[in-house]
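What follows is a short report on a single structure.
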Amino acid sequence: MTRVALLGITGRMGETVLETAADRDLEIVVGFATSDVESVEGVPVVHPEDAAEALAERDVDVVVDFAVPEGALAVAEACAEVGVPIVVGSTGYDEDGIARLDAVSEDVALLKATNFSRGIQVLQRTVREAVRALDDYDLELLESHHNGKVDAPSGTANSILETIQEEREVEPIYGREGHAPRGENEIGVFARRAGDIRGEHELILAGNDEVLSLSHRAEDRAVFAAGALDAAVWLSDRTPGRYTFGEVIDA
Ligand SMILES: NC(=O)C1=CN([C@@H]2O[C@H](COP(=O)(O)OP(=O)(O)OC[C@H]3O[C@@H](n4cnc5c(N)ncnc54)[C@H](OP(=O)(O)O)[C@@H]3O)[C@@H](O)[C@H]2O)C=CC1
Ligand SMILES: O=C(O)C1=N[C@H](C(=O)O)C[C@H](O)C1
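Quick note on numbering: the sequence shown equals residues 719 to 969 in our numbering.
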């Protein structure tokens, strides 16, 4: 049975991962969070500062992160110290954060994905094909999330943008106002925050008297939790390096 540590155990995703783990052949043996709570659903909660000690003491096989970059980096560096693989689900990294994750992956297996739904993985492949085939169509990207989300645009929207930029030179414009004629290579990127929307992403490609819309809607956070736990089990016995969720799906 895979022994998992859960970073962000007190959060929205933490709660869903605990529920999803209950039906699987794995055990959440410790959680990390900065709040002053002793346990969540019977799982002991430890401050990220004490992560290295807790990972070793509780014989953890793999860490799953749904927190914030600051906390994830601290725990990822503890993973590197004690040799525990980590699945990184938190979003909102800057260049320095990405470089620190790369350094961690020299010592342990690290899998980072901005979205653990299988549908988004397929959407990404479809986006690449559509952008290649319709190479002169205008592109616009929209994402919608719950009102508690702190990073914008979403990690997934940024990943979709990266895929597009691998195929075509585009200049992202984050919202428009006033006199704002569309530049030839622009891609408008828009973020909505409302209610408890689980996560919606849409790319439109428009030209030649038609509009192609590629979209995805997560209906429950369980889709992300399930994907992350699949990734955790898959990653737990891998050698050091960077891995992708696409590899888990294709395995
Ligand atoms: N890759 C994917 O498929 C998905 C990614 N996400 C990402 O997961 C992250 C969490 O989302 P969500 O659960 O909605 O967010 P919440 O705000 O509900 O939860 C955040 C969690 O992080 C913890 N936390 C906050 N600050 C720190 C810190 N400095 N060190 C350690 N832990 C900390 C919080 O606990 P406390 O305050 O007690 O420390 C809490 O448990 C976000 O980045 C989101 O974008 C979300 C869904 C899917
Ligand atoms: O914060 C969320 O909720 C989500 N975050 C991820 C992101 O930033 O793309 C994935 C998903 O859309 C839900």
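Heads up, the beta-carbon is just placed ideally off N, CA and C, and yes, glycines get one too.
In this text, all values refer to a predicted model and were calculated from it rather than measured experimentally.
Determine the contact status of residue i and residue j, defining contact as a CB-CB distance below 9 Å.
i	j	result
residue 852	residue 879	no
residue 798	residue 806	no
residue 789	residue 832	no
residue 849	residue 881	yes
residue 740	residue 766	no
residue 736	residue 724	yes
residue 893	residue 901	no
residue 764	residue 746	no
residue 828	residue 964	no
residue 949	residue 834	yes
residue 947	residue 738	yes
residue 825	residue 801	yes
Which first and last residues belong to the alpha helix (DSSP H) in which residue i is found?
i	result
residue 939	Segment: none, residue 939 is in no alpha helix (DSSP H) and carries neither H nor E.
residue 837	836–851
residue 911	Unbroken run through residue 911 is the beta strand (DSSP E), 904–911; no alpha helix (DSSP H).
residue 822	813–822
residue 756	Per DSSP, residue 756 belongs to no alpha helix (DSSP H) and is neither H nor E.
Expressed to the nearest angstrom, what Euclidean distance is found between the alpha-carbon atoms of residue i and residue j?
i	j	result
residue 811	residue 962	16 Å
residue 870	residue 819	20 Å
residue 783	residue 814	18 Å
residue 967	residue 836	7 Å
residue 939	residue 865	15 Å
residue 781	residue 803	6 Å
residue 750	residue 913	27 Å
residue 776	residue 909	40 Å
residue 932	residue 885	17 Å
residue 727	residue 854	45 Å
residue 856	residue 925	6 Å
residue 898	residue 923	19 Å
residue 847	residue 861	20 Å
residue 756	residue 941	28 Å
Helix, strand or coil, according to DSSP, for residue i in the structure here?
i	result
residue 968	helix
residue 762	strand
residue 951	helix
residue 888	coil
residue 746	strand
residue 959	strand
residue 783	strand
residue 872	coil
residue 772	helix
residue 882	helix
residue 946	helix
residue 895	coil
Counting along the chain, where does the beta strand (DSSP E) carrying residue i start and finish?
i	result
residue 722	720–725
residue 862	856–863
residue 787	From DSSP, residue 787 is part of no beta strand (DSSP E) but of the alpha helix (DSSP H) over 787–800.
residue 804	804–806
residue 732	Unbroken run through residue 732 is the alpha helix (DSSP H), 730–739; no beta strand (DSSP E).
residue 827	827–830
With which residues is residue i paired in a DSSP beta bridge?
i	result
residue 933	920
residue 928	925
Checking contacts by CB at 9 Å: is residue i closer than that to chain C?
i	result
residue 762	Structure shown: chain C not included; a single protein chain is present.
Closer than 8 Å to a non-hydrogen atom of ligand 3 - does that hold for the CB of residue i?
i	result
residue 861	Ligands in the displayed structure: ligand 1 and ligand 2; ligand 3 is not one of them.
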